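Data first, discussion second: the structure below is written as structure tokens.
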Amino acid sequence: MNAQATGVPKPIITQDNSFFFEAAAAGRLEVQRCTQCTELRHPPAPCCASCQSFEWDTVTCAMRGTLYSYTIAHRPQDSAFEYPHAIALVDLEEGVRIVADVFDSDHAALVEGAPMEIVIREHVHGTMLPSVRIAQEVTE
618 MNAQATGVPK
628 PIITQDNSFF
638 FEAAAAGRLE
648 VQRCTQCTEL
658 RHPPAPCCAS
668 CQSFEWDTVT
678 CAMRGTLYSY
688 TIAHRPQDSA
698 FEYPHAIALV
708 DLEEGVRIVA
718 DVFDSDHAAL
728 VEGAPMEIVI
738 REHVHGTMLP
748 SVRIAQEVTE
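Take the sequence shown: its letters are residues 618 to 757, numbered as in our numbering.
The structure is reproduced here in structure tokens:
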């Protein structure tokens with residue numbers, strides 16, 4: 618990817634989301650969990666929306682989920698992506714949703730409820746982020 622020619626900004630890393638980027642760099646997907654009410658939240662935030670606690674830890678996700686919805690972007694085009702570009706909203710097994718790029722999948726095969734797997738991949742600016750694809754094998 619040509620980070621020089623992209624309009625995609627570098628991620629802003631804060632004390633509330635640094636765990637996410639550190640986990641991704643290590644090949645894991647982690648989400649916040651409120652230590653007071655155990656509510657999971659993504660994207661990361663400083664405060665629990667359910668109980669307003671500022672106390673949290675993290676949960677490592679199983680890297681599996683189901684396709685809730687998706688869109689196919691055609692424009693505006695940026696050098697950081699291949700077009701048409703599929704973007705998915707995935708319900709993780711743990712109960713939260715993530716937005717991620719779709720890769721290695723036939724766009725015609727994207728259907729709501731399809732089993733998806735999460736793979737940590739390098740994105741623009743060298744940032745490691747979760748991407749999703751249709752699950753290669755379904756496990757029970």
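Note that beta-carbon positions come from the ideal geometry of N, C-alpha and C, so glycine has one too.
All figures in this text were calculated on a predicted structure; none of them were measured in a lab.
So, at 6 Å on beta carbons, what are the nonlocal neighbours of residue i in its own chain, with the 5 sequence-adjacent residues on each side left out?
i, result
"residue 713", "648, 657 and 659"
Please state the DSSP three-state secondary structure of residue i.
i, result
"residue 726", "helix"
"residue 672", "coil"
"residue 647", "strand"
Per DSSP, residue i forms a beta bridge with which residues?
i, result
"residue 734", "681 and 750"
"residue 705", "687 and 717"
"residue 739", "745"
"residue 692", "None, per the DSSP bridge assignment."
In whole angstroms, give me the CA-to-CA distance for residue i and residue j.
i, j, result
"residue 651", "residue 663", "10 Å"
"residue 689", "residue 716", "13 Å"
"residue 725", "residue 748", "18 Å"
"residue 735", "residue 703", "14 Å"
"residue 619", "residue 738", "Because the pLDDT of residue 619 is 46, which lies under 50, any placement of that residue in the model is unreliable, and the number read from its coordinates should be weighed accordingly. Cα to Cα, the separation comes out at about 15 Å."
Enumerate in chain order the residues of its own chain whose CB-to-CB distance from residue i is below 7 Å, with the five nearest sequence positions on each side excluded.
i, result
"residue 661", "633, 634, 637 and 649"
Task: Stretch pair the segment 684-700 + the segment 660-676: three plus CB contacts closer than 8 Å - done: no
Open item on the list: Any contact between the segment 702-716 and the segment 678-691? By contact I mean 3 or more CB pairs, one from each, below 8 Å.
Closed with: For the pair of segments examined, the segment 702-716 was found to touch the segment 678-691: the number of CB pairs separated by less than 8 Å reaches three.
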